[in-house]
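Notes follow once the structure below has been shown.
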Amino acid sequence: MSQPDPTQATGAIALADGQVFLGHGTGASGIAIGELCFNTAMTGHQEILADPSYAGQVVCFTFPHVGNVGANAEDEEAASEPARKAAVGMVSRAAITPPANWRAETSFEEWLRTRGIVSVTGIDTRALTRRIREKGMAMCAIAHDPSGNIDIEALKAAAAAAPTMEGRELAADVTREAAGEWSEGNWVLGEGYAAGPEDGPRVVVLDYGVKANILRLLTGAGARVAVLPGKAGIDEVKALNPDGVVFSNGPGDPAETGKYALPTIKAVIEAGIPALGICLGHQMLALALGAKTAKMPQGHHGANHPVKNHETGQVEIVSMNHGFAVDGSTLPANAVETHVSLFDGSNSGFKLTDKPVWAVQHHPEASPGPQDSFGVFDRFVGALKAKADA
């Protein structure tokens, strides 16, 4: 694919190593700096870019066509206003197409603009993806200027000076500011989101950038859900009389977020309160147990990841979005690996043998075609109901 004439380019992306790609700017104008990753999903682009786990990242979509289904309010994944600080940039091969879906309320281009996501199209996304596969995720600077007045050298300098994701604490930027109740349940075609139950187990969610659909599926499984800011302490958790606690997904380095989150997580485990960790929550549960996490060269970002469930023997097709992983070999003796990635063998889930604690690395709330992992919520809430009945 030929690069646009530099005098006609209205968008550009510069990598920390000095490599530059020119294209056509769209979405928000300006400059954004973040970690460049690629996502292999063929659809669900609004949900991906609205996922708070992508805070501080620029997403390169490997599927060439973006925008076909437009955007709508029902597919919003930010569970609070701060959580709208998700992906900062987007890169695609083809120009954004007009929406051709009956659920669309606005064009994807307009949605990108209102969300403040700086975007560039007309980029050789295959070359970008190969670069990430071979050398790992890179810090980058992405720019959109409708007049084409882009200072390439300044863009390269900004990318080179950007701090990497290792050592970055980003969950505090996307967590809610105050505790609140959640009553929105599962989505029904033509009816919208169902109301939550008036009774049932009480589940408290620690919000490190929680996706709205995690809360919806907990509610849909029969839980009464309350959400606390990520920095809430154990006294705030216990004050809500939880039957179970969920540690949510979120962005950044789990070891950094763990500096304030681990005391609460450890206290929940020690109190014997049933707990479920998802993505970042999975990683921090592992850290609380003495295990280690590590930065992944490429990360897992996509909607077609095969995960082996050791408990059922089944292979589940799941959505993933994480740049750090739990080192399964460092899990304690009372932890059993329940899920493993069939792409690279990395840990995708574990449970404790002596405590009611479960954790999964993938996003069980996502439905990338199949709904293979929705059962995580049914099993968790079901266990809480069974305990209450007993």
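Each residue of the sequence shown is one higher than the one before, counting from 1 in full-length UniProt numbering. Even for Gly, the Cβ is constructed at its ideal location relative to N, Cα and C. From a predicted model like this one, the values you see are computed outputs, not experimental measurements.
Starting from Met284 and walking both ways along the alpha helix (DSSP H), at which residues does that stretch end?
Here the alpha helix (DSSP H) through Met284 covers 280-288.
Quick check on this structure: which residue in Ala95, Val376, Lys266, Pro254 has the alpha carbon closest to the alpha carbon of Arg168?
When each option's Cα is compared against that of Arg168, the closest is Pro254.
Going by DSSP in three states, Ala12 sits in which element: helix, strand or coil?
Note: Ala12 maps to strand in three-state DSSP.
Please identify the residue among Ala71, Ala86, Ala79, Ile33 whose C-alpha is closest to the C-alpha of Ser53.
Per the Cα distances, Ala86.
Nearest by alpha-carbon distance to Ala333: which of Ala212, Leu342, Gly290, Lys308 is it?
Nearest option by C-alpha distance: Gly290.
Can you grab the Cα-Cα spacing for the pair Gly18 / Lys156, in whole Å?
Rounded to whole angstroms, Gly18 to Lys156 spans 6 Å at the Cα level.
Would Lys266 and Ala288 be called neighbours here (beta carbons separated by less than 8 Å)?
Yes.
When you compare only the Cα positions, how much space is there between Gln8 and Ala143?
Taking the straight line from one Cα to the other gives about 14 Å.
Quick one: is Trp102 buried, meaning 16 or more other Cβ sit within 10 Å of its Cβ, or exposed?
Result: exposed.
Using a Cβ-Cβ cut-off of 6 Å (strictly less than) and excluding sequence neighbours within five positions of Trp187, which residues of its own chain qualify?
Around Trp187: Tyr193.
Count the other CB atoms within 10 Å of the CB of Asn149; is the residue buried (16 or more) or exposed (fewer)?
Asn149 should be labelled exposed.
May I ask you to list the residues that DSSP assigns as paired with Met320?
Its beta-bridge partners are Gly302.
Could you please give me the residues that DSSP links to His144 through a beta bridge?
His144 pairs with Gly11, Gly30.
Tell me the rounded alpha-carbon separation between residue 392 and Ala383.
Shown here, the chain extends from 1 to 390; a query on residue 392 therefore has no answer.
Going along the chain, which residues of its own chain have a beta-carbon closer than 6 Å to the beta-carbon of Thr40, five neighbours each way excluded?
Only Thr62, Gly302 meet the Cβ criterion.
Quick check on the burial criterion: 16 or more other C-beta atoms within 10 angstroms. Buried or exposed for Thr323?
The residue you asked about is not Thr; residue 323 is Gly in the sequence shown. Answer is buried; the Cβ neighbour count reaches 16.
Which runs of the beta strand (DSSP E) spanning at least 3 residues fall entirely within the segment 171-215, listed in chain order?
Entirely contained in the segment 171-215, the beta strand (DSSP E) runs reaching 3 residues are, in chain order, 180-182, 184-188, 192-195, 202-207.
For the alpha helix (DSSP H) that Phe108 lies in, which residues bound it at each end?
First-last of the alpha helix (DSSP H) with Phe108: 108-115.
Find the nearest neighbour of Met42 within the set Glu134, His65, Gln57, Arg115, judged by alpha-carbon distance.
Of Glu134, His65, Gln57, Arg115, the residue nearest in Cα terms is His65.
Is the beta carbon of His305 sitting closer than 8 Å to the one on Val318?
Yes.
What three-state label does DSSP hand Thr353 in the structure shown?
Coil.
When you measure from the CB of Gln19 to every non-hydrogen atom of the ligand COA, does any distance come out below 7 Å?
Absence of the ligand COA from the depicted structure is noted, as is the absence of any ligand whatsoever, leaving it without description.
Look up Arg126 in the DSSP assignment and say whether it is helix, strand or coil.
Arg126: helix per DSSP, three-state reduction.
Which residues in the same chain have their Cβ closer than 7 Å to the Cβ of Ala50, if we skip the five residues on either side of it in sequence?
Excluding residues within five positions, the ones whose Cβ falls inside 7 Å are Glu76, Glu77, Ala78, Ala86.
Look at residue 403 and Val204 and say whether their C-beta atoms are less than 8 Å apart.
The structure shown has nothing for residue 403, since the chain only spans 1 to 390.
Counting Cβ pairs, one atom from each stretch, are 3 or more of them under 8 Å apart for the segment 105-120 and the segment 207-216?
Counting Cβ pairs under 8 Å, fewer than three are found: no touch.
Out of Met320, Val357, Ala195, which one is the CA nearest neighbour of Thr338?
Comparing Cα positions, the closest option is Val357.
Could you tell me the alpha carbon to alpha carbon distance between Asp235 and Pro242, rounded to whole angstroms?
Those two C-alpha atoms are separated by around 11 Å.
According to DSSP, is Lys135 helix, strand or coil?
The answer is helix: DSSP assigns Lys135 an H, G or I state.
Would you check if the segment 271-287 and the segment 126-134 touch, i.e. whether three or more CB-CB distances between them fall below 8 Å?
These segments do not touch.
Based on the DSSP secondary-structure assignment, which residues constitute the bridge partners of Pro98?
DSSP, once it has assigned bridges, lists no residue as partnering Pro98.
Tell me which residues share the same chain as Gly116 and place their Cβ nearer than 6 Å to its Cβ, disregarding the 5 neighbours each side in the sequence.
Cβ neighbours of Gly116 beyond the five flanking positions: Ala28.
With a threshold of 8 Å, are at least 3 pairs of Cβ atoms found where one atom belongs to the segment 213-227 and the other to the segment 172-189?
Touching, yes.
On a Cα-Cα basis, can you pick out the residue from Val336, Ala335, Gln298, Thr330 that is closest to Glu134?
Closest by alpha carbon: Gln298.
Measuring straight from C-alpha to C-alpha, what distance separates Leu352 and Ala275?
If you take the alpha carbons of Leu352 and Ala275, they lie about 10 Å apart.
Considering only the alpha carbon of each residue, which of Ala12, Arg202, Ala161, Ala226 lies closest to Ala212?
Of Ala12, Arg202, Ala161, Ala226, the residue nearest in Cα terms is Ala226.
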